[in-house]
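Peer 1: My questions all concern the structure below.
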Amino acid sequence: MTAFYRKMSTMTQFDLHTHSTASDGSLSPTELVKRAKLQGVTHLALTDHDGTEGIREAQDIAQEEDICLIPGVEISVSWHGATVHIVGLHVDVENDALQKGLSLLRDYRHERAVKIADRLDKAGIKGAYEGAKQYASETMLGRVHFAKFLIEKGYAKDMGDVFKRFLIKNKPGYVSGDWALLSDTVNWINGAGGQAVIAHPARYKMTATKRRKLLAEFKDLGGAAIEVASGSQHPEEVRTMGHLANEFELLASAGSDFHSPDKNYSEVGKIANLPPFVTPIWSKWPYVVQ
Ligand code: AMP
Ligand code: MN
Ligand code: MN
Ligand code: MN
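Per my numbering, residue 39 is the first one in the sequence shown, and the count goes up by one each step.
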């Protein structure tokens with residue numbers, strides 16, 4: 039029995055990037071935390087897009103389930119024509135500057151949603167704004183909610199299909215993003231006592247040179263880490279991202295980007311191990327048994 043407890047207290051399984059119904063995930067914060075626990079996760083960050091509404095509920099259930107809940111957020115950024123996502127970990131969700139920034143982003147999401155619906159309307163698809171809203175929380179409206187509406191109406195068969203045909207560049211429901219500045223985003227996160235992490239760095243459609251420029255600028259601005267291991271990352275990319283992290287003196291994070299138990303998404307807690315040569319972002323977290 040003693041041995042069992044000793045083992046449990048030193049065995050950690052991190053998932054530092056997940057979504058709930060407070061953004062475009064399909065599980066409530068409670069359901070997410072319970073699923074993470076079942077999957078063996080010991081440290082879970084809830085990182086909903088541009089909002090922290092789910093954190094309170096997640097924290098309450100995490101306490102009951104004896105799992106460590108890290109308050110987080112995934113902020114949408116426009117950077118030299120690309121949309122980049124920056125995860126903030128350990129943010130104080132009561133921080134004013136952070137919440138003001140997030141609130142502006144959610145306002146923009148509504149403006150964008152009206153434009154997306156207009157464009158779909160011109161393509162003959164009626165009622166998309168109301169349709170998408172039915173799938174969304176009070177505050178956060180995103181492309182996934184439009185995707186669900188379009189699938190429900192039979193315009194596409196699944197998530198992959200609907201994005202490819204309607205919601206990406208040059209398609210009828212696409213509107214180019216006008217998100218936060220990278221500098222503001224890092225400042226909001228750092229100002230709220232958090233650590234800024236470049237989410238899924240291998241997923242951006244940019245040249246290797248541009249990616250390096252992003253990492254250099256992010257580091258200069260006070261960014262802390264990149265997601266070396268991401269649910270959507272090919273295993274060979276994990277090593278490449280690990281080397282990039284070291285080169286730019288950034289820490290390494292790990293997150294599944296879980297959205298739903300649907301098989302098209304990565305499972306919560308299912309992430310490749312970090313390569314042995316990186317420094318994990320949790321290496322200096324005081325409450326983590328190293
Ligand atoms: P938004 O921030 O509203 O523009 O939506 C971005 C979100 O859409 C991502 O976080 C994913 O949840 C989802 N997404 C983007 N591309 C795809 C895709 N090809 N297939 C499925 N989901 C996608
Ligand atoms: Mn999403
Ligand atoms: Mn993302
Ligand atoms: Mn995400």
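Even for Gly, the Cβ is constructed at its ideal location relative to N, Cα and C.
Could you check if Ala338 belongs to the surroundings of ligand 1, using beta carbon to heavy atom distance under 8 Å?
Peer 2: Any question about residue 338 goes unanswered here, given that the chain covers just 39 to 328.
Peer 1: Roughly how many angstroms separate the alpha carbons of Ala151 and Val125, rounded to a whole number?
Peer 2: Straight-line Cα distance between these residues: approximately 23 Å.
Peer 1: Excluding the 5 residues preceding and the 5 following Ala283 in the sequence, name in chain order all residues of the same chain whose CB lies nearer than 6 Å to its CB.
Peer 2: Closer than 6 Å at Cβ, skipping near neighbours: Ile264, Val266, Ala290, Val316.
Peer 1: Would you grab the beta carbon distance between Ala60 and Gly92 for me? Rounded to a whole angstrom, and I think it's under 8 Å.
Peer 2: Confirmed, about 3 Å.
Peer 1: Based on DSSP bridge pairs, tell me the residues matched to Ala292.
Peer 2: In the DSSP output, where bridge partners are listed per residue, Ala292 has Ala267.
Peer 1: With burial defined as no fewer than 16 other Cβ atoms inside 10 Å of the residue's Cβ, what is the status of Ala74: buried or exposed?
Peer 2: Looking at its Cβ environment, which holds 16 or more other Cβ atoms inside 10 Å, Ala74 is buried.
Peer 1: Less than 8 Å separating the Cβ of Lys138 from some heavy atom of ligand 1?
Peer 2: The answer is no for Lys138.
Peer 1: In terms of residue numbering, what span does the alpha helix (DSSP H) encompassing Phe52 cover?
Peer 2: Counting along the chain, Phe52 falls outside any alpha helix (DSSP H), though it belongs to the beta strand (DSSP E) covering 52 to 56.
Peer 1: Which of the three DSSP states is assigned to Leu136 in this structure?
Peer 2: Leu136: helix per DSSP, three-state reduction.
Peer 1: How would you label Met14, buried or exposed, when you count the other beta carbons within 10 angstroms and need 16 or more for buried?
Peer 2: Residue 14 is absent from the structure shown; the chain starts at 39 and stops at 328.
Peer 1: Taking 9 Å as the cut-off, decide whether the C-beta atoms of His57 and Glu112 are in contact.
Peer 2: Contact flag set, yes.
Peer 1: What is the rounded straight-line gap between the Cα of Trp217 and the Cα of Leu288?
Peer 2: Cα to Cα, Trp217 sits roughly 24 Å from Leu288.
Peer 1: For Leu143, does the three-state DSSP call read helix, strand or coil?
Peer 2: Helix at Leu143.
Peer 1: Restricting to Cα atoms, I'd like to know which of Leu76, Ile99, Leu54 is closest to Ser66.
Peer 2: The option with the nearest alpha carbon to Ser66 is Ile99.
Peer 1: Can you have a look at Ser47 and say buried or exposed, based on whether 16 or more other CB atoms are within 10 angstroms of its CB?
Peer 2: Low local confidence applies: a pLDDT of 48 at Ser47 is under 50, so the model's placement there is unreliable, with the coordinate-based value given in what follows. Looking at its Cβ environment, which holds fewer than 16 other Cβ atoms inside 10 Å, Ser47 is exposed.
Peer 1: Apart from the five residues on each side of it in sequence, which residues of its chain come closer than 7 Å, Cβ to Cβ, to Leu205?
Peer 2: So the list reads Arg181, Phe184, Ala185, Gly211, Tyr212, once near-sequence residues are dropped.
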